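Participant:
Number of protein chains: 2
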Amino acid sequence: MSGIDAKSLIAELSARARAAATRLAGMDSAAKAQALRAAAKAIRADSDALVAANGEDMAAGEANGLSGALLDRLMLDSGRVEAMAAGVEAVAGLADPVGQVIDRTERPNGLVLTRVRVPIGVIGIIYESRPNVTADAAALAFMSGNAAILRGGSEAIRSNRAIHAALARGLGDLADAVQLVQITHRAAVGAMLQAEGAIDLVVPRGGKSLVARVQAEARVPVLAHLDGINHTYIDGAADPVMACEIALNAKMRRTGVCGATETLLVDRAFADPAPVLAALADAGCALRGDAEMQAIEPRVAAASGEDWDTEYLEAILSVKLVDGVDAAVAHIAAHGSHHTDAIVTEDAAVAECFLNQVDSAIVMWNASTQFADGGEFGLGAEIGIATGRLHARGPVALEGLTTYKWVVRGTGQVRA
Amino acid sequence: MSGIDAKSLIAELSARARAAATRLAGMDSAAKAQALRAAAKAIRADSDALVAANGEDMAAGEANGLSGALLDRLMLDSGRVEAMAAGVEAVAGLADPVGQVIDRTERPNGLVLTRVRVPIGVIGIIYESRPNVTADAAALAFMSGNAAILRGGSEAIRSNRAIHAALARGLGDLADAVQLVQITHRAAVGAMLQAEGAIDLVVPRGGKSLVARVQAEARVPVLAHLDGINHTYIDGAADPVMACEIALNAKMRRTGVCGATETLLVDRAFADPAPVLAALADAGCALRGDAEMQAIEPRVAAASGEDWDTEYLEAILSVKLVDGVDAAVAHIAAHGSHHTDAIVTEDAAVAECFLNQVDSAIVMWNASTQFADGGEFGLGAEIGIATGRLHARGPVALEGLTTYKWVVRGTGQVRA
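Chains as they are written, first to last, in the working numbering: chain L, 349 to 764; chain H, 349 to 764.
(1) In whole angstroms, what is the alpha-carbon distance linking H/A363 and H/G545?
(2) Rounded to whole angstroms, how far is the Cβ of L/V436 from the Cβ of L/A387, which I believe are closer than 8 angstroms?
(3) Short of 8 angstroms Cβ to Cβ, which residues in the stretch 703-715 of chain H face chain L?
(4) Which word fits H/N412, buried or exposed, when buried means at least 16 other C-beta atoms lie within 10 angstroms of its C-beta?
(5) Show which residues of chain H have a CB atom less than 8 angstroms away from the CB atom of L/F618.
(6) Per DSSP, what kind of secondary structure is H/E544 in: helix, strand or coil?
(7) Between L/M590 and chain H, is there a C-beta pair that is closer than 9 angstroms?
(8) Taking H/R455 as the query, report the chain L residues whose CB atoms sit under 9 angstroms from its CB, ordered along the chain.
(9) How should H/S666 be labelled, buried or exposed, when 16 other C-beta atoms within 10 angstroms of its C-beta is the threshold for buried?
(10) If contacts are defined as beta-carbon pairs under 8 angstroms, then H/V570 and H/V589 qualify, I think. What distance do you get, rounded to the angstrom?
(11) How should H/A773 be labelled, buried or exposed, when 16 other C-beta atoms within 10 angstroms of its C-beta is the threshold for buried?
(12) Measuring straight from C-alpha to C-alpha, what distance separates L/G632 and L/G604?
(13) Which residues in chain H sit within 7 angstroms of L/N597, going by Cβ to Cβ distance?
(14) Under a CB-based cut-off of 9 angstroms, is H/G742 close to chain L?
(15) Is H/T693 closer than 9 angstroms to H/A586 when the C-beta atoms are compared?
(16) Regarding L/G441 and the ligand FAD, is the C-beta to nearest heavy atom distance less than 8 angstroms?
(17) Does the beta carbon of H/W754 sit closer than 9 angstroms to a beta carbon anywhere in chain L?
(18) By DSSP, does H/A650 sit in helix, in strand, or in coil?
(19) Can you tell me which residues form a DSSP beta bridge with L/M712?
(20) Between the stretch 492-510 of chain H and the stretch 394-403 of chain H, can you find at least three pairs of beta-carbon atoms closer than 8 angstroms?
(21) Output the distance between the C-alpha atoms of H/A400 and H/L727, rounded to the nearest integer angstrom.
(22) Would you say H/H683 lies against chain L (beta-carbon separation less than 9 angstroms)?
(23) Where L/A626 and L/A715 are concerned, what is the direct C-alpha to C-alpha distance, given to the nearest angstrom?
(24) With burial defined as no fewer than 16 other Cβ atoms inside 10 Å of the residue's Cβ, what is the status of H/Q718: buried or exposed?
(25) Tell me H/T453's beta-bridge partners as DSSP assigns them.
(26) When you compare the CB positions of L/V568 and L/G472, do they come within less than 9 angstroms of one another, or not?
(27) Excluding the five sequence neighbours on either side, which residues of its own chain have a C-beta within less than 8 angstroms of the C-beta of L/M423, listed in chain order?
(28) Starting from H/G637, find everything on chain L with Cβ-Cβ shorter than 7 angstroms and list it in chain order.
(29) Give me the Cα-Cα distance between H/G458 and H/Q761, rounded to the nearest whole angstrom.
(30) Let me know the secondary structure DSSP gives H/S666 once reduced to three states.
(31) Any beta carbon from chain L within less than 9 angstroms of H/I594's own beta carbon?
(32) Using CA atoms only, rank isn't needed, just tell me which of L/L357, L/L746, L/E404 and L/E593 is closest to L/Q530.
(33) So that I know if they touch, is there some Cβ in chain L lying closer than 9 angstroms to that of H/A373?
(34) Are the C-beta of L/P445 and some C-beta of chain H separated by less than 9 angstroms?
(35) Kindly give me the distance between the Cβ atoms of L/I468 and L/T750, rounded to whole angstroms, as I take these residues to be in contact under 8 angstroms.
(36) Please list, in chain order, all residues of the same chain as L/I710 whose beta carbon is under 6 angstroms from its beta carbon, the five residues on each side excluded.
This is how it looks when you write it as structure tokens:
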């Protein structure tokens, strides 16, 4: 497969996707939900075939020496297929943002202006070898009125083809709204990233190297987050018990998620940091800090300069004493990644100062950064979390997959 | 000036702009408005100096053979300086979107989530030799809490330096929020377009070649429109008098604006197209159409295939008969530029079909496309009109220069 072949393949898929997107944009919520429920049903009906196709991917993956973690993410069994079908049904039950009127103005000349939510159009989704994303991303795009071009990791190609076939059968004459890139050559990714005008938005779902490549190469807009270098700041006025519980949860509940705290900042005025550090160390968290922190808790290792800019995604936490909320805000401005940052304090004025000044997609007061998640935010699902500054920030679900248009209704007005 | 020098200049300007943007993000509306009013006052006080500096630009422009149209856009006199100051004051009087709560959710676990409007950050504005844009764009960015990096056309550099000096004096210790690229080398534009992370958004204001260059080279997000290939569709159920008035106004009120209609589509079922075509021709509009249209109005010249894809920005109109609203929608999908398209009809169902199906930033019913303008939309001003699909579409004013963040308020919640 050459770059030119990949380009024409993506052009063909996106032309079919565009035609479907045009139809989908005008469909009502009930019709979209019904099509998605039929797709879920088709996934369930094909359960054995999906597990069999996945078995071939698993065998090839094992033969190619994929790690246990990657094989686990690749694996489908009947329980996972059922979860996938149920996920599609859950998306079908979400409120549809398309057609929602954002605002309405009547002008002195009688023109009535509304801003109405409309789908974005054609969305490319580039992800790793996790077959469940095929159904999940397709459903989110579809329910928000968008066509999707799916490009999953090559190790999952047989699984993805089988899932795509089930989706397409379920969607019936709307099958073109979900396009799968059937070839595994990486040139297809490059062609998607260059498809200005044909693909309106690319969403990379996966690890840092995938996202970094997409951000570096893309000519089309990208919705993504690269790093989650998240901070929890324990203020001098924090409740000590709450501070300890939040710090422990924010770091240790799951260390591999993008909402995990990676740096704990503690106000020098906070009375008792020792129990917080001890609780973390007792829970198996490796701590890295400066001499002051080492003096407080002997299990703190010496931090290097890099620690403050590192997303560990492991049971490692950098810890630092700072002089109050302003110093915490300054540290976060210098080292954060604009994802999720939290303050623990009983002082509402200090909290508001932090919430206002920290320039992140999500800022939190007296809560664990691990809540950074579309489900926890009540969005019902998420296509991802965005740390860019435009369009959508934080957890992105159906609404983030829409844009708006201005609808102007007149009675013959002409402009003077 | 080398590319490296330009890069370090832009890095320096954007670092100063970022520091100012951080301060500006936390300021209340009254303080921003007060600073802008002081800037307007400084412009007024410097009127003679501005006109004098502009006189040098004008002399150089004449010596360099600038066209009359360009010289007119470059020229400042005391009346235009006053208009510039009044424009800054008008922006100071606009409602400030920053801090506005978009929505609020309370989760079952007691977490309270709000989405709050925040400034985008640092905005680069690249424009031609129109000195008034210096004050206008700076004011819009400032009032929405953003720092601006202004790069105007080189022919206006002396005028821009003088306007910038007045703005800076008026803004006092917030002067860093408005940075002017003081050098005229084009490498500075390239450096701005590549300044990912340092400049959050670039807004090109100017003609097609400027916008095309910016869109082609930019690594930072761009808010712009390239073409306004706008359509007015006269449906079979249109009121003939209204149809004639709207068609005439949509094309001929001002032919050089981006909201001007460039193609008139007429339903074959519309009873009497002849008076519409005659009125346009009588008003001095050159008409281009197919044999059918030529048969209706002898002053219609033969259209070439290119006419349907051309933004004339002159008193030229392509005219075409189509079979009803579906054919009109299909023509617009094939040839439009997603800017502004209008239908004239008395049939509400046909109108809604058009408004739903036409995929443009602005869709209109029974109104002239020339209303496509931030002022006419009640926004008070506009930084430009966007035809991209993400973030902001149509006229963009203060709200379009903001984004949002999620603010989560808890009482010690940790995630299970």
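For every residue, glycine included, the Cβ atom is placed at its ideal position computed from N, Cα and C.
The structure presented is a predicted model; accordingly, all values stated were derived computationally and were not measured.
Facilitator: Let me spell this out:
(1) Reading the second sequence from its first residue, position 15 is the one you call residue 363 of chain H. Reading the second sequence from its first residue, position 197 is the one you call residue 545 of chain H. Going from the Cα of H/A363 to the Cα of H/G545 covers about 11 angstroms.
(2) In the first sequence, counting from the first residue as 1, residue 436 of chain L sits at position 88. In the first sequence, counting from the first residue as 1, residue 387 of chain L sits at position 39. So it is a contact: roughly 6 angstroms between Cβ atoms.
(3) L703, N704, Q705, D707, S708, A709, I710, V711, M712, W713, N714 and A715
(4) Numbered from its first residue, the second sequence carries residue 412 of chain H at position 64. H/N412 is exposed by the Cβ-count criterion.
(5) What you label residue 618 of chain L is simply residue 270 of the first sequence in a count that begins at 1. The contacting residues do not exist; L/F618 stays about 16 angstroms from chain H at best.
(6) Reading the second sequence from its first residue, position 196 is the one you call residue 544 of chain H. Looking at H/E544 - three-state DSSP - the assignment turns out to be strand.
(7) Locating residue 590 of chain L in the first sequence gives position 242, counting from the first residue. Closer than 9 angstroms: yes.
(8) Your numbering for residue 455 of chain H matches position 107 in the second sequence. Near H/R455 (Cβ distances below 9 angstroms), the residues of chain L are F719, E724, F725 and G726.
(9) For this step, residue 666 of chain H is matched to residue 318 along the second sequence. With 16 or more other Cβ atoms within 10 Å, it is buried.
(10) As a working note, residue 570 of chain H is residue 222 in the second sequence. As a working note, residue 589 of chain H is residue 241 in the second sequence. Between H/V589 and H/V570 the Cβ distance is about 42 angstroms, and since that is not below 8 angstroms, they are no contact.
(11) Only positions 349 to 764 of chain H appear in this structure, which leaves residue 773 of chain H out of reach.
(12) To locate residue 632 of chain L, count along the first sequence from 1; it is residue 284. To locate residue 604 of chain L, count along the first sequence from 1; it is residue 256. Between L/G632 and L/G604, the C-alpha separation is close to 15 angstroms.
(13) If you number the first sequence from 1, residue 597 of chain L lands on position 249. Here the neighbours are V762 and R763.
(14) Numbered from 1 along the second sequence, position 394 holds the residue referred to as residue 742 of chain H. Interface residue, yes.
(15) As a first step, residue 586 of chain H is located in the second sequence; it is residue number 238 there, counting from the start. As a first step, residue 693 of chain H is located in the second sequence; it is residue number 345 there, counting from the start. Their beta carbons are under 9 angstroms apart, which means H/A586 touches H/T693 by this criterion.
(16) As far as ligands go, the structure on display features none, and thus does not contain the ligand FAD.
(17) For the purposes of this step, residue 754 of chain H is taken as the residue at position 406 of the second sequence. So, interface residue.
(18) Position 302 of the second sequence, counted from the first residue, corresponds to residue 650 of chain H. The answer is strand: DSSP assigns H/A650 an E or B state.
(19) Walking along the first sequence from the start, residue 712 of chain L turns up at place 364. Looking at the DSSP assignment, L/M712 forms a beta bridge with L/A690 and H/V756.
(20) yes
(21) Working through the second sequence from its first residue, we reach residue 400 of chain H at position 52. Working through the second sequence from its first residue, we reach residue 727 of chain H at position 379. Cα-Cα distance, rounded: 33 angstroms.
(22) Here the question's residue 683 of chain H lines up with position 335 in the second sequence. So, not an interface residue.
(23) Position 278 of the first sequence holds residue 626 of chain L. Position 367 of the first sequence holds residue 715 of chain L. If you take the alpha carbons of L/A626 and L/A715, they lie about 20 angstroms apart.
(24) Reading the second sequence from its first residue, position 370 is the one you call residue 718 of chain H. Buried, since its Cβ has 16 or more Cβ neighbours within 10 Å.
(25) One-based indexing of the second sequence puts residue 453 of chain H at position 105. For H/T453, which the question treats as bridged, DSSP gives the partners H/L461.
(26) In the first sequence, the residue the question calls residue 568 of chain L occupies position 220. In the first sequence, the residue the question calls residue 472 of chain L occupies position 124. Cβ atoms of L/V568 and L/G472: closer than 9 angstroms.
(27) Sequence index remark: in the first sequence, residue 423 of chain L carries index 75 (1-based). N402 and M406.
(28) Position 289 of the second sequence, counted from the first residue, corresponds to residue 637 of chain H. Result: empty, since nearest Cβ-Cβ is about 23 angstroms, beyond 7 angstroms.
(29) If you number the second sequence from 1, residue 458 of chain H lands on position 110. If you number the second sequence from 1, residue 761 of chain H lands on position 413. Each residue's Cα considered, the two are about 8 angstroms apart.
(30) For this step, residue 666 of chain H is matched to residue 318 along the second sequence. Reduced to three states, the DSSP call for H/S666 is strand.
(31) Taking the second sequence and counting its residues from 1, one reaches residue 594 of chain H at position 246. True, the Cβ-Cβ gap to chain L drops below 9 angstroms.
(32) As a position in the first sequence, residue 530 of chain L is number 182, starting the count at 1. Cα-wise, what sits closest to L/Q530 is L/L357.
(33) Residue mapping note: residue 373 of chain H aligns to position 25 of the second sequence, counting from 1. So, interface residue.
(34) Numbered from 1 along the first sequence, position 97 holds the residue referred to as residue 445 of chain L. For L/P445, the answer is no, since every Cβ of chain H falls outside 9 angstroms of its Cβ.
(35) The residue given as residue 468 of chain L occupies position 120 in the first sequence. The residue given as residue 750 of chain L occupies position 402 in the first sequence. The pair is a contact, with the Cβ atoms about 6 angstroms apart (cut-off 8 angstroms).
(36) The residue you call residue 710 of chain L lines up with position 362 of the first sequence. The answer, listed in chain order, is T688, A720 and G742.
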